[in-house]
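Some notes on the structure that comes next.
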């Protein structure tokens with residue numbers, strides 16, 4: 390008899406979802422019964438870490454990932470990082486075990502009648518199949534919904550007694566061969582009109598976002614920027630790095646405020662935004678949306694994002710396809726010079742710590758091999774991080790898109806699981822480290838080449854910047870005395886050290902390229918007040 394369980398295993402295999410990120414409970418054991426030998430189960434010690442590992446894995450591979458969580462409580466633990474996944478448009482199929490169907494209405498332990506509401510509003514779609522026989526079809530719908538633009542996490546509640554039920558052979562026969570595609574190229578007349586506006590611009594700017602940080606769009610967008618000779622900015626609060634950071638046209642990251650964006654776009658007559666919301670603000674600095682004389686056109690896959698914007702024109706479609714169309718339609722302008730490249734400031738490490746963020750990131754960039762990947766969750770010094778960053782390949786940097794801490798450490802684990810041949814460096818604040826600390830155990834168990842670089846300033850550095858900017862007085866809860874990341878890491882089986890001199894730091898960074906397993910390096914840094922927007 391073909392059961393729901395082995396039918397679903399076959400479907401997951403057909404979709405390439407044979408890596409399962411989870412933390413099991415009794416509700417999930419029937420799904421794991423007879424776990425196929427060609428599947429891989431990645432165990433995390435906390436559901437928040439599980440979700441972030443899957444997020445890092447999916448963003449690094451560009452493919453969906455499967456998450457299996459425990460009941461309402463375990464799903465609740467993961468919701469914080471689910472917010473980051475939603476903001477990053479990460480395609481995740483998130484499942485949780487529901488109690489036996491006959492016990493759900495009786496309010497049995499581990500049963501939640503409204504389980505589909507627990508992850509809202511951080512998922513695109515949520516369902517609990519009406520019958521056991523509908524489980525395969527519901528998971529098929531979840532898989533396709535997660536991957537269709539705008540990609541994002543979806544949720545399916547799975548009653549534990551469904552797995553042993555007989556599957557409906559007719560209902561599932563055609564599911565493995567289904568293909569659901571996205572045909573989002575623009576009408577030729579639309580492309581001609583937009584290309585004409587671009588050709589007429591005298592001081593153009595290109596703003597790029599996460600939808601161009603993949604193999605389909607990356608090279609095309611670089612070529613488009615070069616032909617248009619535009620200054621290139623990365624959109625505010627980017628979850629990834631969508632443009633080579635040492636390219637002569639790249640200017641940096643736009644600040645996350647209304648006034649800050651307008652100030653940085655001053656002097657540009659046309660701004661083309663590719664694959665980013667317009668715009669994701671954080672700090673409240675009101676002002677004009679755009680400088681006088683500046684027009685803006687945004688191209689993205691999300692109708693909600695297009696409708697929500699307060700200004701500019703918008704075109705909804707496949708960003709990679711439309712970028713290719715524009716590249717083909719846009720003539721080169723031999724008479725207009727490209728903007729002068731930015732200058733990366735020199736920053737020398739002092740002989741002893743604490744090490745200023747500028748000097749630390751300059752040393753890190755110098756030491757990193759070209760194929761390394763990065764995760765940044767040291768939010769107190771993101772400006773310095775972006776200033777010195779040297780990344781050239783797509784899917785090489787991750788950042789917590791919703792601002793929720795606890796993403797960085799386990800996301801680096803997932804990133805390394807996606808390709809263990811590429812070393813990963815997770816740049817973490819000492820406070821942020823504690824949110825995802827359980828991810829260290831998974832890194833140790835899988836012997837992943839991840840260097841956890843913990844920047845210790847003894848407090849929530851980013852909040853100190855807000856305190857200064859908002860003129861807040863005597864706010865409690867900002868200091869973090871007596872944390873020892875080195876001893877904590879050793880308890881999880883991760884070798885760790887604390888550096889105090891420039892020589893020690895350079896030696897530790899040089900080992901990134903040859904690391905064969907995880908390690909943690911704690912680095913003292915001063916408190917540097919961050920300008921917000």
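Residue numbers (this note's numbering): 390 to 922.
Quick reminder that beta carbons are idealized off the backbone N, C-alpha and C, glycines included.
The structure displayed is predicted, hence computed values, not measured ones.
- Taking one beta carbon from each stretch, the segment 745-754 and the segment 605-623 have fewer than 3 pairs nearer than 8 Å; the two do not touch.
- Excluding sequence positions up to five before and after residue 592, its CB lies within less than 7 Å of the CB of 656, 657, 658, all in the same chain and listed in chain order.
- Shortest Cα-Cα distance from residue 859 to any of 746, 903, 674 involves 674.
- A distance below 8 Å separates the beta carbons of residue 546 and residue 517.
- Ranked by Cα distance from residue 745, the first of 769, 651, 579, 758 is 769.
- Cβ contact annotation for residue 704 (same chain, cutoff 6 Å, sequence separation greater than five): 688, in chain order.
- In the displayed model, residue 702 falls within a strand according to three-state DSSP.
- Using a 10 angstroms sphere on the CB of residue 470, the tally of other CB atoms reaches 16 or more, which defines it as buried.
- Just so you know, the alpha carbons of residue 624 and residue 492 end up roughly 49 Å apart.
- DSSP places residue 863 outside both helix and strand once states are collapsed to three, so it counts as coil.
- Judged by DSSP secondary structure, residue 404 falls within the alpha helix (DSSP H) whose first and last residues are 393-404.
- By the neighbour-count criterion, in which 16 or more other beta carbons inside 10 Å mark a residue as buried, residue 473 falls on the buried side.
- In this structure, the beta-carbon distance from residue 461 to residue 501 falls below 8 Å.
- If you look at residue 684, you'll find it in the beta strand (DSSP E) that goes 684-689.
- In this structure residue 569 is exposed. Its beta-carbon is surrounded by fewer than 16 other beta-carbon atoms within 10 angstroms.
- Separation of the CB atoms of residue 907 and residue 883 is rounded to 5 Å, and the pair is thereby assigned contact status at 8 Å.
- For residue 489, the CB contacts under 8 Å within the same chain, skipping 5 residues up- and downstream, are 497, 500, 548, 549, 550 in chain order.
- A Cβ-Cβ contact shorter than 8 Å links residue 442 with residue 433.
- A residue is called buried once 16 or more other Cβ atoms fall within 10 Å of its Cβ, and residue 571, having fewer, is exposed.
- Burial check for residue 509: the Cβ neighbour count within 10 Å stays below 16, so the residue is exposed.
- Three or more Cβ pairs drawn from the segment 628-647 and the segment 775-783 lie within less than 8 Å of each other, which places the two stretches in contact.
- Out of 692, 445, 439, the CA that lies nearest to the CA of residue 809 is found in 445.
- Secondary structure at residue 474: helix, using DSSP grouped into helix, strand and coil.
- The alpha helix (DSSP H) runs lying completely inside the segment 704-766 and spanning 4 residues or more are 708-718, 746-756, given in chain order.
- The beta carbon of residue 793 lies closer than 6 Å to those of 469, 472, 473 in the same chain, with the five residues before and after it left out.
- In the same chain as residue 864, and ignoring 5 residues on each side of it, the C-beta atoms closer than 8 Å to its own belong to 852, 856, in chain order.
- Contact between residue 484 and residue 542 does not hold, since their C-beta atoms are separated by about 11 Å, which reaches or exceeds 8 Å.
- In the DSSP secondary-structure assignment, residue 467 is not bridged to any residue.
- Between residue 748 and residue 739, the CB-CB gap stays under 8 Å.
- Annotation: residue 592 is outside any alpha helix (DSSP H) and is labelled neither H nor E by DSSP.
- A distance below 8 Å between beta-carbons, with the five flanking residues on each side excluded, links residue 588 to the following residues of its chain, in chain order: 719, 720, 722.
- Beta-bridge analysis with DSSP links residue 913 to 845.
- Taking 4 residues as the minimum length, the alpha helix (DSSP H) runs contained wholly in the segment 530-607 are 558-561, 577-589, in order along the chain.
- Boundaries of the beta strand (DSSP E) harbouring residue 430: 429-432, taken from the DSSP string.
- Taking C-alpha positions only, residue 795 is separated from residue 817 by approximately 10 Å.
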